[in-house]
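From first to last, the protein sequence lines are chains A and B. Oh and the first sequence: position 185 is 184 in numbering that gives the first Met the number 0, straight run, nothing missing. Oh and the second sequence: position 17 is 16 in numbering that gives the first Met the number 0, straight run, nothing missing. Yeah, the Cβ is synthetic: ideal placement off N, Cα and C, and Gly gets one too. None of the values given here were measured: they were computed from a predicted structure. For reference, the structure discussed in these notes is given below.
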Amino acid sequence: MLYELILISPFMCILVLYFVAAIVSSRKERLKKWPLYRYGLWFLGVFSAVAALVGPVAKQAHVDFTAHMLGHLLLGMLAPLLLALAAPMTLVLRTLSVSSARRVSSILKSKFVRLISHPIFALFLNIGGLWFLYATDLYAAMQQSLILHWIVHLHVFLAGYLFTVSIIYIDPTPHQYPFIYRGIVFLLAFAGHGILSKYIYAHPPVGVTVADAEAGGMLMYYGGDIIDATLICILFYQWFRATRSHRFAN
Amino acid sequence: MSSEKLNRFKYSKRNLWSGILLGIGIAAFLDETIFHQLLHWHHFYDKSTTNMGLVSDGLFHAFSWFATIGSLFLVADLRSRSAFWLTRWIGGMLLGMGGFQLYDGTIQHKLLRIHQIRYVEDVVLYDLVWNLSAIGMLIVGLFFFIKTQRKLNSGIYHK
């Protein structure tokens with residue numbers, strides 16, 4: 000019980016902080032009210048991450064690879080997408096004082112953020128990390144070591160978030176890349192995810208039964224399809240909006 | 000000449016590409032939904048596939064999702080510019096469907112051996128129907144393409 004509380008406490012913190020920031024900043028007279036749907040998106044994002052870490056899915060994931068894969072989808076794909084859509088950085092910038100907000104935005108403009116938020120770098124962190132996890136003995140090692148277990152989960156979540164925000168721009172993004180560039184990187188990531196799903200289907204990770212690897216691989220494949228389709232819709236919607244403003248200008 | 004016609008001509012490429020992309024998406028969707036999910040003619044992965052085949056399959060699967068959704072946004076874009084050109088778009092769609100199906104039937108099925116259309120004795124028959132219908136779609140698509148290309152080149156429209 001205590002262990003689980005420690006595990007989810009960072010998520011409880013960001014949940015509370017977000018709500019407080021949204022309410023406080025909505026009181027400022029010069030600012031619009033923070034939209035309700037974003038509270039909802041943030042809540043659902045935190046909820047899906049927590050559902051992967053504690054509760055029935057997490058418990059089952061220790062013995063069942065398919066449940067592990069469901070947790071992976073929740074933590075590495077769905078939670079990052081929902082959290083990114085809730086525009087946390089926009090909220091941070093409008094809540095802080097002007098001078099602090101400037102400091103944050105100068106961090107966003109830094110070379111370090113430029114590197115890690117580069118679509119190709121995020122692609123390697125994300126898909127490369129997954130290949131490393133499932134195509135080597137890391138998956139088996141992770142089941143033995145608690146520390147490794149935590150590191151892998153943290154990586155899956157952060158890399159998923161980084162990749163999501165490197166492809167779709169909801170928050171202020173100082174280092175932007177054209178739609179076509181992001182589209183191609185996204186395609187490669189999507190393909191890499193699908194290929195890995197089928198690879199797992201044929202080559203079960205150490206300690207996973209054949210039937211379990213087949214079910215897990217298929218869940219990874221089709222679950223990835225659904226979330227990736229949502230990402231594609233958002234990417235193209237943003238493209239559509241961006242070209243519409245040009246249309247009116249003409 | 001009406002402004003809508005001018006817009007169509009101006010965005011003739013986008014009409015064609017949007018059709019091609021949707022055609023690829025439809026062909027891939029039919030392959031996955033009808034032949035795999037509903038009829039169970041072939042499987043998720045038959046495990047004898049080469050690495051190269053797996054990569055090709057993965058790229059095409061990703062691309063077909065991307066193409067389906069993207070092409071519909073392109074149609075929305077064309078319509079909002081009053082530049083949608085149905086004949087050219089359908090031509091593109093048939094070229095996309097036929098092209099994908101021919102690629103699937105020759106390269107993916109035969110060369111890379113990702114899977115067969117169906118696991119039966121006389122698969123040649125299935126291959127023939129598959130590839131000939133692909134060529135049929137390509138021919139009709141090409142007909143529409145040439146027809147609209149003639150209009151485009153008829154000299155009424157200059158950039």
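Legend entry - Which of helix, strand or coil DSSP assigns to A/His67: helix
Legend entry - Touching by the beta-carbon criterion (3+ pairs, under 8 Å), the segment 30-43 of chain B and the segment 1-14 of chain B: no
Inset, instruction - Check whether the Cβ of A/Tyr38 lies closer than 8 Å to any Cβ atom in chain B. - result: no
Legend entry - Chain-order list of residues whose beta-carbon lies under 8 Å from that of A/Phe189 (same chain, five-residue window excluded): Gly223, Asp227
Legend entry - Cutoff 8 Å: B/Phe72 Cβ touching any chain A Cβ: yes
Legend entry - B/Gly140 versus A/Gly216: straight-line alpha-carbon distance, rounded: 37 Å
Legend entry - C-alpha distance - B/Lys150 paired with B/Ser81, whole-angstrom precision: 18 Å
Inset, instruction - Select from the segment 52-86 of chain B all residues with a C-beta closer than 9 Å to any C-beta belonging to chain A, and list them in chain order. - result: Leu53, Val54, Asp56, Gly57, Leu58, Phe59, His60, Ala61, Phe62, Trp64, Phe65, Thr67, Ile68, Gly69, Leu71, Phe72, Leu73, Ala75, Asp76, Ser79, Arg80
Inset, instruction - Evaluate B/Phe14 with the Cβ neighbour count: other Cβ atoms within 10 Å of its Cβ, from every protein chain shown; 16 or more gives buried, anything less gives exposed. - result: Residue 14 of chain B is actually Asn in this sequence, not Phe. Result: buried.
Legend entry - Contact residues within the segment 175-189 of chain A, judged by C-beta distance below 9 Å to chain B: Gly182, Phe185, Leu186, Leu187, Ala188, Phe189
Legend entry - Between the CA atoms of A/Glu3 and A/Ile126 - distance to the nearest angstrom: 28 Å
Inset, instruction - Could you check the C-alpha separation between A/Asp16 and B/Leu85 for me, to the nearest Å? - result: Here residue 16 of chain A is Leu; the residue named in the question, Asp, does not match the sequence. For A/Leu16 and B/Leu85, the distance between alpha carbons rounds to 52 Å.
Inset, instruction - Determine the contact status of B/Leu94 and B/Ile19, defining contact as a CB-CB distance below 8 Å. - result: yes
Legend entry - Within chain A, partners of B/Phe142 - CB distance below 8 Å: Correct list: empty, because the minimum Cβ distance to chain A is about 30 Å.
Legend entry - Residues that B/Phe43 contacts on chain A, provided the C-beta gap is smaller than 7 Å: Tyr200, Met217
Inset, instruction - Starting from the beta carbon of A/Thr242, find every residue of chain B whose beta carbon is closer than 7 Å, and list them in chain order. - result: Asp76
Legend entry - C-beta contact flag for A/Ser116 and A/Leu161 at 8 Å: yes
Legend entry - Simplified DSSP state of B/Thr147, which is helix, strand or coil: helix
Inset, instruction - Between the Cα of A/Glu213 and those of A/Ile225, A/Tyr221, A/Val205, A/Ile199, spot the shortest distance and give me the residue it belongs to. - result: A/Ile199
Inset, instruction - Taking only beta carbons into account, state which residues of the segment 225-236 of chain A come closer than 9 Å to chain B, listed in chain order. - result: Asp227, Ala228, Ile231, Cys232, Leu234, Phe235, Tyr236
Inset, instruction - State the Cα-Cα distance for the pair B/Lys158 and B/Arg7, rounded to the nearest angstrom. - result: Residue placement at B/Lys158 cannot be trusted, given a pLDDT of 49 that sits under 50; what the coordinates show is reported in the next sentence. Between B/Lys158 and B/Arg7, the C-alpha separation is close to 12 Å.
Inset, instruction - Check whether the Cβ atoms of A/Gly128 and A/Ala85 lie closer than 8 Å to each other. - result: no
Inset, instruction - Would you list, in sequence order, the uninterrupted alpha helix (DSSP H) runs of no fewer than 4 residues that lie entirely inside the segment 2-75 of chain A? - result: 35-52, 55-60, 64-72
Inset, instruction - Could you list which residues in chain A have their beta carbon closer than 7 Å to that of B/Lys146, in chain order? - result: Correct list: empty, because the minimum Cβ distance to chain A is about 28 Å.
Inset, instruction - Using a Cβ cut-off of 8 Å (strictly closer), state whether A/Trp149 contacts chain D. - result: No chain D appears in the structure shown, which is made up of the protein chains A and B.
Legend entry - Residues near A/Phe120 in its chain [Cβ-Cβ closer than 7 Å; skip 5 each side]: Leu114
Legend entry - Buried or exposed by the 16-neighbour rule on C-beta atoms within 10 Å, applied to A/Cys12: exposed
Legend entry - Cross-chain neighbours of A/Ile194 in chain B, by beta carbon under 7 Å: Leu53, Val54, Gly57
Inset, instruction - Would you check if the distance between the CB atom of B/Ile145 and the CB atom of B/Gly97 is smaller than 8 Å? - result: no
Inset, instruction - Assuming B/Trp40 and B/Arg87 form a contact by the criterion Cβ under 8 Å, report the distance between their Cβ atoms to the nearest whole angstrom. - result: That belief does not hold up - the Cβ atoms of B/Trp40 and B/Arg87 are roughly 34 Å apart, past 8 Å.
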